[in-house]
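Chains as they are written, first to last, in our numbering: chain C, 4 to 116; chain S, 1079 to 1191. Just so it is clear, CB atoms sit at the ideal spot from N, CA and C, and this is done for glycine as well. Source: prediction; values computed, not measured. This report concerns only the one structure given below.
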């Protein structure tokens, strides 16, 4: 399959456990953040987003936490399943009113059976 | 389901060739984007378009041009391919405005020899 990145940090999690993937962002002016999932051989897939006026947002089995004080974003996946194995990366917009984003390099999540 | 289709999964081209990468979306999205993805680097924006015949440079436009003659189609052109343009190219589309969910194609892995 396609490799989206060499030497990515890897998180190995037992099936059924919760996963936490972290991301440090760089721009204090960023006001919108997205988490993407990218499976081998596929394009990135939107998982969840959050605006800077929130500190937590929940989706189906996923939660994103935003800590603006330390410029940190995390993605929590509950009851991790084999289908969650992928590379996950965050994106921040480069300030409001822009189409431009800064993308992280990603973390590889491996789900162990 | 939104579909963003890139014309080729794999391409091998020679240095100096003019290369066309095609992208078609079927959701009547106003915005379309071209990114490249390289190991160890996050996605980087090459060009984007927010309307037919409109285009804006992204973060790394040098050596590339784009064409958007129809709303559903966004083409990336490598005027004279070079080996440093060997990369995974990803097309994306989204509805009008900023901070709207982007849907990605499956990617084109281009090798320039």
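Inset, instruction - Would you grab the beta carbon distance between residue 1108 of chain S and residue 1173 of chain S for me? Rounded to a whole angstrom, and I think it's under 8 Å. - result: Contact holds; Cβ gap of about 6 Å.
Legend entry - Closer than 8 Å to chain S by CB, residue 85 of chain C: Residue contact check for residue 85 of chain C against chain S: no CB pair falls below 8 Å.
Inset, instruction - Give the range of the beta strand (DSSP E) segment to which residue 1110 of chain S is assigned. - result: Where residue 1110 of chain S is concerned, the enclosing beta strand (DSSP E) stretches over 1109-1115.
Legend entry - Local conformation of residue 1163 of chain S per DSSP, three classes: Residue 1163 of chain S falls in the helix class under three-state DSSP.
Inset, instruction - Would you mind giving the Cβ-Cβ distance between residue 81 of chain C and residue 21 of chain C, rounded to the nearest angstrom? I have them listed as a contact below 8 Å. - result: Correct: roughly 5 Å between the Cβ atoms.
Inset, instruction - Please go through the stretch 71-115 of chain C and give each complete beta strand (DSSP E) segment of 3 or more residues, from N-terminal end onward. - result: Taken in chain order, the unbroken stretches of beta strand (DSSP E) that lie wholly in the stretch 71-115 of chain C and span 3 residues or more are 75-80, 89-96, 104-106, 110-115.
Inset, instruction - At 3 residues or longer, and completely inside the stretch 20-79 of chain C: list those beta strand (DSSP E) runs for me, N to C. - result: Listed in chain order, the complete beta strand (DSSP E) runs (minimum 3 residues) inside the stretch 20-79 of chain C are 22-27, 35-41, 48-54, 59-61, 65-70.
Inset, instruction - Answer yes or no: does any C-beta atom of chain S fall closer than 8 Å to that of residue 105 of chain C? - result: Taking Cβ atoms only, chain S reaches closer than 8 Å to residue 105 of chain C, which makes this a yes.
Legend entry - Cβ pair count under 8 Å reaching 3, the stretch 106-113 of chain C against the stretch 61-69 of chain C: The stretch 106-113 of chain C and the stretch 61-69 of chain C do not touch, with fewer than 3 CB-CB distances between them shorter than 8 Å.
Legend entry - Continuous beta strand (DSSP E) stretch holding residue 16 of chain C: start and end: Where residue 16 of chain C is concerned, the enclosing beta strand (DSSP E) starts and stops at 13-17.
Legend entry - Beta-carbon proximity check, residue 1113 of chain S vs residue 1159 of chain S, cutoff 8 Å: The answer is no: Cβ separation not under 8 Å.
Inset, instruction - Compare the Cα-Cα distances from residue 29 of chain C to each of C:102, C:58, C:96 and report the closest residue. - result: Ranking the options by Cα distance to residue 29 of chain C, first place goes to C:96.
Inset, instruction - Per DSSP, which residues does residue 1170 of chain S bridge with? Please list them. - result: Partner(s): S:1111, S:1182.
Inset, instruction - May I have the straight-line CA-CA distance separating residue 75 of chain C from residue 52 of chain C, to the nearest angstrom? - result: It is roughly 14 Å from the alpha-carbon of residue 75 of chain C to the alpha-carbon of residue 52 of chain C.
Legend entry - residue 24 of chain C classed as buried or exposed, judged by whether at least 16 other C-beta atoms fall within 10 angstroms: With 16 or more other Cβ atoms inside 10 Å of its own Cβ, residue 24 of chain C counts as buried.
Legend entry - Under 7 Å from the C-beta of residue 35 of chain C: neighbouring residues of chain S: By Cβ distance, chain S contributes 1177.
Legend entry - Span of the beta strand (DSSP E) around residue 1126 of chain S: Start and end: 1122-1127.
Legend entry - Where residue 1155 of chain S sits in the DSSP three-state scheme: Correct three-state label for residue 1155 of chain S: strand.
Legend entry - Neighbour list for residue 45 of chain C in chain B, Cβ cutoff strictly below 8 Å: Although the question refers to chain B, the structure presented lacks it and instead comprises the protein chains C and S.
Inset, instruction - Specify, as a first and last residue, the run of the beta strand (DSSP E) that residue 1090 of chain S falls within. - result: Residues 1088-1091.
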